[in-house]
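So in the working numbering the end of the sequence shown lands on 249, straight run, no missing numbers. Backbone N, C-alpha and C define an ideal beta-carbon position, used for all residues, glycine too. Keep in mind the model is a prediction, meaning the values are calculated, not measured.
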Amino acid sequence: MSKFSTRFLIISMTLAVCLITSNFFVPRLWKIPFFDLQLSGAVLIFPVSYILNDCLTEVYGYRKARLVIWLAFALSLFTAIMSDVVRALPAPIDPAAHQIASSFNGLFHMVPITTAASLIAFLLGSHVNAWVMSCMKVSSKGRGFGWRAIISSLAGELADSIVFYPIVFAAILPATQILKLAALQISVKVLYEIIILPVTTLIVNSLKKKEKLDTFDEGISYNPFKIADV
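Encoded structure:
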């Protein structure tokens, strides 16, 4: 893909937005009705980033997916830094504005922590997801997109959760609760992907047809740091 692609741009931007916004939702835990289980608010949006990762890798290849992963990383890091800078600004004069500032600081005080954990976990999980998806596509000669998407997402989510949840919730929840939360999040996210798979498949097939592209990553480097190799 040497020419500019609007579709590639839209998918890339959407993936970055999913990562950034999910960092705001992570601390908000919610209890599943009728069960003694809880989930993070990020479960509503974060799985979309893995679905988009699958679409990018399947259509455009691992190297372009790697570029988008690093771009999303950089934008999320910028958001976290700026939220910390804004929180450190002097308090306002007006009492009403002071209350708003306190609410703002309360909302964003965990963003740097969740973003730090998320960035490490996202880099690991997304690269694992893209790598598994790419390798399986080559070995299967492009067959079985559905099960390749599920297996790659499961691998990515496992790598992501092993890093993310212990960092974010170590000081808040006991180890058993963290383990239960991570296992539940992985299960829900993979179930999410299975349910949405017909839509994902439709999008991938449409992209391949409109872009006239179906990339096979044969003989490429899977080094996650070779960002310029696109």
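Check                                                                                                                : Outcome
Per-residue burial, residue 76 [other beta carbons within 10 Å of its own, 16 or more giving buried]                 : buried
Helix, strand or coil at residue 208 according to DSSP, with G and I counted as helix                                : helix
With 16 other Cβ atoms within 10 Å as the buried cut-off, status of residue 82                                       : buried
Inter-stretch contact (C-beta, 8 Å, three-pair minimum) for the stretch 232-246 and the stretch 138-155              : yes
Residue 20 (DSSP reduced to helix, strand or coil)                                                                   : Low confidence applies here, because residue 20 scores a pLDDT of 47, under 50, leaving its location unreliable; read the following figure in that light. If DSSP states are grouped into helix, strand and coil, residue 20 belongs with coil.
Alpha-carbon spacing of residue 234 relative to residue 217, whole angstroms                                         : 21 Å
Start and end residues, beta strand (DSSP E) containing residue 58                                                   : 57-59
Alpha helix (DSSP H) segment containing residue 50, residue limits                                                   : Unbroken run through residue 50 is the beta strand (DSSP E), 48-50; no alpha helix (DSSP H).
Assigned exposure category for residue 104 - 16 Cβ within 10 Å defines buried                                        : exposed
Residue 217 (DSSP reduced to helix, strand or coil)                                                                  : helix
Inter-stretch contact (C-beta, 8 Å, three-pair minimum) for the stretch 47-62 and the stretch 120-128                : no
Cα-Cα separation between residue 206 and residue 56, rounded to whole angstroms                                      : 13 Å
Rounded C-alpha distance that separates residue 179 from residue 140                                                 : 4 Å
Rounded separation between residue 44 and residue 133 - CA only                                                      : 9 Å
Own chain partners of residue 222 with C-beta closer than 8 Å, once the 5 adjacent residues on each side are dropped : 74
Residue span of the alpha helix (DSSP H) that contains residue 75, given as start and end                            : 65-79
Cβ pair residue 78, residue 136 closer than 9 Å                                                                      : no
Spatial distance of residue 125 from residue 225 (CA atoms)                                                          : 43 Å
Top-ranked residue by Cα proximity to residue 330, from 41, 69, 112                                                  : The question about residue 330 has no answer, for the chain in this structure spans 20 to 249.
Pick from 244, 200, 229, 208 that is closest to residue 54, judged by C-alpha positions                              : 200
Terminal residues of the alpha helix (DSSP H) in which residue 167 lies                                              : 164-188
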